[in-house]
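The block underneath contains the structure these notes are about, expressed in structure tokens.
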Amino acid sequence: MADQIPPAQLQRTITHMNKDHQLDLQHILQHFNSLPAAECTLPEMLDLSFTTLTVRVPSTNKTHTVALFPPLEKWEDRRSVLVGMTHTAREALGIPSASEEQDHSTPDIVIKEFFPPRPFDWIIFFSVLAYYFIYLFVQQGYFNDGTGVAQWLDTYWLFPGILNGSKGFKWLTETIFWLVVGIHVAEASWLERSRLSKFGVKRGGKVWWLWMGSCFVEGAMAFKRFDILVERERKVKGKKTQ
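Here the sequence shown is numbered in full-length UniProt numbering, starting from 1 and rising by one per residue.
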């Protein structure tokens, strides 16, 4: 059937997929070839036949062959088959289908950078980071009775009941610690699932660690900055397709 594939159309299809739909290719590899996301980040389409899709992953330098489902009955079916496989893969991976997000003719959005905290974000970042250090110092005994810090708290940390003074401060710091950690771990996990993996951020890479670390400390503000980047990329991609 190779003689039924116009070379110029094949090349245009390959160029289009590599330029605008790398995430689709990644999701297809993850689902149909059972590859972990870390082993199929930003793949490159090499070839397409009536029965198979050939893809190379630059990060591992491995080439993978994916069986088309269903195989093409005619060359003109290639778009509908690739779209169908993408929908199937995304549904299996728990990712919203392309039809729910955008038309398949709109290029994929891939985030390759970290957006550092803005001025207000830094306030939250350092406040939470300060809390972690305070908890550490409490565990090391720097807030024990008789220390200068404890005396200062007994004078100025004036609250009713168990919150009063250095003992109240230590109690509050230790009581909420695992709650704070749990919330921020959950937020970082959700950022990975709902944002980083969805928009092609390579798991374990520098950008991935920056986002995960930032989210673990500051929480929700990292989501807002990531969404700003996505919206910027969407506008840029939209202008290019007009």
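Glycine is no exception: its CB is placed at the ideal position from the N, C-alpha and C atoms.
### Message
Could you compute how far the alpha carbon of residue 91 sits from the alpha carbon of residue 223?
### Response
One-based indexing of the sequence shown puts residue 91 at position 91. One-based indexing of the sequence shown puts residue 223 at position 223. Going by the C-alpha atoms only, they are around 23 Å apart.
### Task
Go ahead and label residue 228 buried or exposed: buried means 16 or more other beta carbons lie within 10 angstroms of its beta carbon, across all protein chains shown.
To locate residue 228, count along the sequence shown from 1; it is residue 228. Around the beta carbon of residue 228, a 10 Å sphere encloses fewer than 16 other beta carbons of the protein chains shown; the residue is thus reported as exposed.
### Task
Spell out a yes or no on whether the region 171 to 182 and the region 131 to 151 are touching, meaning 3 or more CB-CB pairs, one atom from each, closer than 8 Å.
Taking 8 Å as the limit for Cβ pairs, the verdict is that the region 131 to 151 does touch the region 171 to 182.
### Query
Excluding the five sequence neighbours on either side, which residues of its own chain have a C-beta within less than 6 Å of the C-beta of residue 226, listed in chain order?
Translated into positions along the sequence shown, residue 226 becomes position 226. Short of 6 Å from the beta carbon of residue 226, and not among the five residues preceding or following it, lie these beta carbons of its own chain, in chain order: 195.
### Message
Measuring only the C-alpha atoms, how far is residue 12 from residue 72?
### Response
Taking the sequence shown and counting its residues from 1, one reaches residue 12 at position 12. Taking the sequence shown and counting its residues from 1, one reaches residue 72 at position 72. Rounded to whole angstroms, residue 12 and residue 72 show a C-alpha spacing of 17 Å.
### Query
Cβ atoms of residue 68 and residue 51: under 8 Å apart, would you say?
Within the sequence shown, residue 51 is the residue found at index 51, counting from 1. Within the sequence shown, residue 68 is the residue found at index 68, counting from 1. It is a contact, given that the beta carbons lie within the stated cut-off.
### Close beta carbons around residue 245, own chain, < 7 Å, minus the five adjacent residues each side
Residue coverage of the chain in this structure runs from 1 to 242, which leaves residue 245 outside it and unanswerable.
### Task
Please check the pair residue 213 and residue 184, which I expect to be a contact at CB under 8 Å, by giving their CB distance rounded to whole angstroms.
What you label residue 213 is simply residue 213 of the sequence shown in a count that begins at 1. What you label residue 184 is simply residue 184 of the sequence shown in a count that begins at 1. Between residue 213 and residue 184, the beta carbon gap of about 11 Å keeps them out of contact (Cβ cut-off 8 Å).
### Task
Output the boundary residues of the alpha helix (DSSP H) element that contains residue 170.
Mapped onto the sequence shown, residue 170 falls at position 170. Its alpha helix (DSSP H) spans residues 165 to 175.
### Beta-carbon separation (whole angstroms), residue 199 vs residue 230, contact threshold 8 Å
The residue you call residue 199 lines up with position 199 of the sequence shown. The residue you call residue 230 lines up with position 230 of the sequence shown. With 8 Å as the limit, residue 199 and residue 230 qualify as a contact, their Cβ atoms being about 6 Å apart.
### Message
For residue 88, tell me which candidate among 38, 110, 32, 40 has the shortest Cα-Cα distance.
### Response
Translated into the one-based positions of the sequence shown, residue 88 becomes position 88. With distances taken between Cα atoms, residue 88 lies closest to 32.
### Task
State the start and end residues of the unbroken alpha helix (DSSP H) segment that holds residue 47.
Taking the first residue of the sequence shown as 1, we reach residue 47 at position 47. Residue 47 -> not in any alpha helix (DSSP H); beta strand (DSSP E) instead, spanning 44 to 48.
### Task
Measure how close the beta-carbons of residue 66 and residue 40 come, nearest whole angstrom, since I'm counting them as under 8 Å.
Residue mapping note: residue 66 aligns to position 66 of the sequence shown, counting from 1. Residue mapping note: residue 40 aligns to position 40 of the sequence shown, counting from 1. Contact between residue 66 and residue 40 does not hold, since their C-beta atoms are separated by about 11 Å, which reaches or exceeds 8 Å.
### Query
First and last residue of the alpha helix (DSSP H) that includes residue 203?
On the sequence shown, residue 203 is found 203 positions in, with the first residue counted as 1. Note, residue 203: premise wrong, no alpha helix (DSSP H); not H, not E.
### Task
Check residue 21 in the structure and name its three-state DSSP category.
Start at 1 with the first residue of the sequence shown, and residue 21 comes out as number 21. Looking at residue 21 - three-state DSSP - the assignment turns out to be coil, as it is neither helix nor strand.
### Query
In three-state terms, what does DSSP make of residue 237?
Indexing the sequence shown from 1 puts residue 237 at position 237. Of the three classes helix, strand and coil, the one that applies to residue 237 here is helix, per DSSP.
### Query
With 16 as the cutoff for other CB atoms within 10 Å, does residue 59 come out buried or exposed?
Counted from its first residue, the sequence shown places residue 59 at position 59. With a 10 Å radius around the Cβ and a threshold of 16 neighbouring Cβ atoms, residue 59 comes out exposed.
### Message
Which residues does DSSP list as the beta-bridge partners of residue 67?
### Response
Here residue 67 refers to the residue found at position 67 of the sequence shown. Answer is 52.
### Query
At what residues does the alpha helix (DSSP H) containing residue 117 begin and finish?
To locate residue 117, count along the sequence shown from 1; it is residue 117. Per DSSP, residue 117 belongs to no alpha helix (DSSP H) and is neither H nor E.
### Message
Please list the terminal residues of the continuous alpha helix (DSSP H) segment that includes residue 147.
### Response
Indexing the sequence shown from 1 puts residue 147 at position 147. For residue 147, no alpha helix (DSSP H) run applies, since DSSP gives it neither H nor E.
### Query
Below 8 Å between beta carbons: does that hold for residue 243 and residue 48?
What is shown of the chain runs 1 to 242, which leaves residue 243 out entirely.
### Query
With 16 other CB atoms within 10 Å as the buried threshold, where does residue 118 fall?
Translated into the one-based positions of the sequence shown, residue 118 becomes position 118. Exposed: under 16 other Cβ atoms inside 10 Å.
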